[in-house]
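Novice:
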Amino acid sequence: MWMALNVVCTATYTLSLRKVIKRMDFKDWDTMYYNNLLTIPILIVASLLVEDWGHENLVRNFPEDQRNRICVGIVYSGLATIFISYCSAWCIRVTSSTTYSMVGALNKLPIAISGLIFFSAPVTLGSVSAIALGFVSGIVYAFAKKWEADEKKQTLPIKEDDGNGSSNSSSARS
102 MWMALNVVCT ATYTLSLRKV IKRMDFKDWD TMYYNNLLTI PILIVASLLV EDWGHENLVR
162 NFPEDQRNRI CVGIVYSGLA TIFISYCSAW CIRVTSSTTY SMVGALNKLP IAISGLIFFS
222 APVTLGSVSA IALGFVSGIV YAFAKKWEAD EKKQTLPIKE DDGNGSSNSS SARS
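If you read the sequence shown in our numbering, its first letter stands for residue 102, the second for the next number, and so on.
(1) Using only CA atoms, which one of Leu226, Ile218, Ala190 and Thr196 lies nearest to Phe127?
(2) In terms of residue numbering, what span does the alpha helix (DSSP H) encompassing Ala222 cover?
(3) Answer yes or no: do Ile193 and Leu118 have a C-beta to C-beta separation smaller than 9 angstroms?
(4) Any idea what DSSP makes of Lys209, helix, strand or coil?
(5) Just verifying my parser: in three-state terms, what is the DSSP assignment at Met102?
(6) Please report how far the alpha carbon of Asp251 lies from the alpha carbon of Ser238, in whole angstroms.
(7) Could you name the residues of the same chain whose beta carbon sits closer than 8 angstroms to that of Ala222, not counting the 5 residues immediately before and after it, in chain order?
(8) List, from N- to C-terminal side, the beta strand (DSSP E) runs of 3 residues or more that fit wholly inside the segment 117-175.
(9) Less than 9 angstroms between the C-beta atoms of Ser112 and Ser202, yes or no?
(10) Quick one: using the 10 Å Cβ neighbour count with 16 as the cut-off for buried, is Thr182 buried or exposed?
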């Protein structure tokens, strides 16, 4: 149930974000800024409702001897999030939503393989076939995009009469 809801929400978000970027003529920085700005109230409310903000919990999760390192790690994580958000906005703007989704799916395959190799995850027919299917789908998508680009290149020039007896050359697009 949660997985289906996640798929529906992610697809809706990606498709609607691309439309908003085009309609509002957002640049990458604008998209990243507003996207993150809109999530702040949701995260604050969820944190206040779900998290334990008691003194004992804060002392346990932020021990005094490690507090500075933890805070530096949080800052680095936040900076990395800014760059990832910027790159995601750029990718959605310059490519299609399908390409963005394929990149998002394919970047998980090396993590799945390293889980099998380094973390002793069980190697089953299902896990290996899922990884293989992911790689094959990436190859099929790459070939489909290449064939689509090749089709666009295979156009013949058409001569148009401009009414003055001379002709202009343009190419026909399919």
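Note that the Cβ used here is the ideal one computed from N, Cα and C, for glycine as well. Bear in mind the structure is a predicted one, so any value in this text is a computation, not a measurement.
Specialist: Checking against the coordinates, here is how it stands:
(1) Ala190
(2) Taken as a continuous stretch (DSSP letters only), Ala222 belongs to no alpha helix (DSSP H), as it is neither H nor E.
(3) yes
(4) DSSP places Lys209 in coil when its eight states are reduced to three.
(5) coil
(6) 20 angstroms
(7) Gly216 and Ser228
(8) none
(9) The sequence given here has Ala at residue 112, not Ser. Yes, these two residues count as a Cβ contact at 9 angstroms.
(10) exposed
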